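Just below is one structure, and these are the notes that go with it.
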Ligand code: ADP
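Residue numbers (the numbering used here): 214 to 405.
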């Protein structure tokens, strides 16, 4: 299955995606994680994106497209993948369509839904536990704003294609994972 996981910052995408990937035997490809690793390693890409990511802004569609194209060309992604963090803008949807070409398609898009107040609380908690450089109040608000303006429209595109699956992202990690499993089983049964 070729899956996307989608939702606002703090919705729990990374946590759930790691579990889904392990469960279904497909690679979990997180663009946020790839960028953070690039920044930490001090690579040329890392140098280019550091300030953008730390401010909560979006890296350019072109740079992201190249990164994802290279990753999806790896052999482990041939039999399925779970993309987390891409596509994040309407143009990135087109880029992904082009990368997948005629013989691969997105089977299901999981959209994790969590109310805004809870998102901010979760991200502030994560800030004190993990110390991610983009988890501070100012950047969190900027990321939520960017999400609403640039990323939320992506849901509409997949909704029109009939592959969007909303999942309630509140409750415990296990509860959310159980809901996701049910949604994916249903999608598979419907022939996705
Ligand atoms: P979040 O938890 O805020 O959803 P991610 O870990 O997915 O964050 O991504 C962290 C940051 O990496 C984003 O705020 C953004 O700066 C950058 N980023 C990740 N994926 C993309 C993308 N597809 N397009 C542009 N920027 C991206």
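Ideal placement from N, C-alpha and C gives every residue a C-beta, glycine not left out. Just so you know, these numbers come straight off a predicted model, no measurement behind them.
{"Query": "Would DSSP call residue 287 helix, strand or coil?", "Result": "coil"}
{"Query": "Using CA atoms only, rank isn't needed, just tell me which of 224, 344, 222, 242 is closest to residue 231.", "Result": "242"}
{"Query": "In the DSSP output, which residue or residues are listed as bridge partners for residue 248?", "Result": "According to DSSP, which records beta bridges pairwise, residue 248 is partnered with nothing at all."}
{"Query": "In three-state DSSP terms, what is residue 363?", "Result": "helix"}
{"Query": "Suppose contacts are defined by Cβ-Cβ distances below 8 Å. Is residue 296 in contact with residue 222 by that definition?", "Result": "no"}
{"Query": "How is residue 324 classed by DSSP in three states: helix, strand or coil?", "Result": "strand"}
{"Query": "So what's residue 379 in DSSP terms, helix, strand or just coil?", "Result": "strand"}
{"Query": "Name all residues in chain order for which at least one heavy atom of the ligand ADP lies closer than 5 Å to the residue's CB.", "Result": "222, 244, 245, 248, 266, 271, 272, 277, 298, 299, 301, 356"}
{"Query": "Going by DSSP, name the residue or residues bridged to residue 243.", "Result": "297"}
{"Query": "Is residue 336 helix, strand or coil by DSSP?", "Result": "helix"}
{"Query": "Could you tell me the alpha carbon to alpha carbon distance between residue 391 and residue 311, rounded to whole angstroms?", "Result": "33 Å"}
{"Query": "Looking only at C-alpha atoms, which of 314, 273, 319, 299 sits nearest to residue 293?", "Result": "319"}
{"Query": "For residue 327 versus residue 369, is the C-beta spacing smaller than 8 Å?", "Result": "no"}
{"Query": "Figure out for me which residue from 329, 375, 377, 281 has the closest Cα to the Cα of residue 355.", "Result": "329"}
{"Query": "On the three-pair Cβ rule with 8 Å, is the region 372-380 touching the region 270-278?", "Result": "no"}
{"Query": "What is the DSSP secondary structure of residue 217, counted as helix, strand or coil?", "Result": "strand"}
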